[in-house]
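J.:
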Amino acid sequence: MTNSESSNAKSIATPVTSATDKVTEAISQGIRSGVFVPGQHLLEPDLTQRLGISRGSLREALKHMAAAGIVTLNRYRGAYIASLDRKSIFDLLDTLEPLARLAARLAAIHCTSAKDRDNMHEAADLIENAGKTGNRAQYLDHRRHFYNTMITIGGNQELARVMPLSRTDLFRAQVETAQSETQRRRHFSGYRMIADAIIANNPDAAEKAVKKHFDGTRKTMQELPESAFPAATS
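Per this note's numbering, the sequence shown starts with residue 2, numbered consecutively.
And the structure:
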């Protein structure tokens, strides 16, 4: 990773200020890096020792993550990384797309400085390079950075609160190994088209690029075998 890539990757992480933040960031990063996979049992002793928190704090944090759909809690079997069936992923895409279209439109309207254009261009470069090299952890980190860059340029920080990016990190991690090279290329090339429209200050083209990107993702989800969608952990 170059110095620029390293700097941008670090900028993605949310400042950790509480036990809940610490657990959320550790598990979210673990999902993006492949340390945690959908359906995996989370061991409380391991997490409390590694994160330096109490069992009570961990359980409270896991409740928050369960409410966000990132983990599944079972009274008798403990906590598991959530897994999504095909319908859940389509529902998630239907929820995320209008928010992403708004973020792209606002970014295209407000991308007026050289710094904003450079940041948008670099965000697209980072995700494209990670996609071409097949580095899953970098790819999912830079995907998050791309969305954060759009939101920052667009100036509507409510989008950062309501966009289900952690849930989409989960589904991207779940299907990553099941995708073909053609399907992966289809995905990362979509970000370049979105960025180009934003940089050109063309909000209509930016929205259309987002729509095309999501249409491509739906096509991939439809093409994947049933084995890519394990039954949700209960």
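For each residue, glycine too, the CB sits at the ideal point set by N, CA and C.
Going by alpha carbons, who is nearest to Q158 out of A62, A67, L107, K64?
T.: For this step, residue 158 is matched to residue 157 along the sequence shown. With distances taken between Cα atoms, Q158 lies closest to L107.
J.: Give me the Cα-Cα distance between H89 and Q50, rounded to the nearest whole angstrom.
T.: Here residue 89 is taken as the residue at index 88 of the sequence shown, counted from 1. Here residue 50 is taken as the residue at index 49 of the sequence shown, counted from 1. Note that residue 89 is Ser in the sequence shown, not His. One C-alpha to the other measures close to 33 Å.
J.: Taking 8 Å as the threshold (C-beta atoms), are E208 and A125 in contact?
T.: Here residue 125 is taken as the residue at index 124 of the sequence shown, counted from 1. Here residue 208 is taken as the residue at index 207 of the sequence shown, counted from 1. Taking 8 Å as the Cβ cut-off, A125 and E208 do not qualify as a contacting pair.
J.: Measure how close the beta-carbons of L59 and L74 come, nearest whole angstrom, since I'm counting them as under 8 Å.
T.: Locating residue 59 in the sequence shown gives position 58, counting from the first residue. Locating residue 74 in the sequence shown gives position 73, counting from the first residue. Not quite, the Cβ-Cβ distance comes to about 12 Å (not below 8 Å), so this is no contact.
J.: Between V111 and S228, what straight-line distance do the alpha-carbon atoms span, to the nearest angstrom?
T.: Along the sequence shown, read from residue 1 onward, the residue named residue 111 stands at position 110. Along the sequence shown, read from residue 1 onward, the residue named residue 228 stands at position 227. Note that residue 111 corresponds to His in the displayed sequence, not to Val. Distance between the alpha carbons of H111 and S228 is about 42 Å.
J.: Can you give me the Cβ contacts of S167 inside the same chain, cut-off strictly under 7 Å, excluding the 5 residues immediately before and after it?
T.: Residue mapping note: residue 167 aligns to position 166 of the sequence shown, counting from 1. Only S29, A69, I71 meet the Cβ criterion.
J.: According to DSSP, is A80 helix, strand or coil?
T.: Position 79 of the sequence shown, counted from the start, is the residue given in the question as residue 80. Residue state, collapsed to three classes: strand.
J.: Per DSSP, which one or two residues make a beta bridge with T73?
T.: Translated into positions along the sequence shown, residue 73 becomes position 72. BP columns for T73 point to Y81.
J.: Using 8 Å as the threshold, is the stretch 165-181 in touch with the stretch 114-131, meaning 3 or more CB pairs across them?
T.: Contact between the stretch 165-181 and the stretch 114-131 is absent, because fewer than three Cβ pairs lie under 8 Å.
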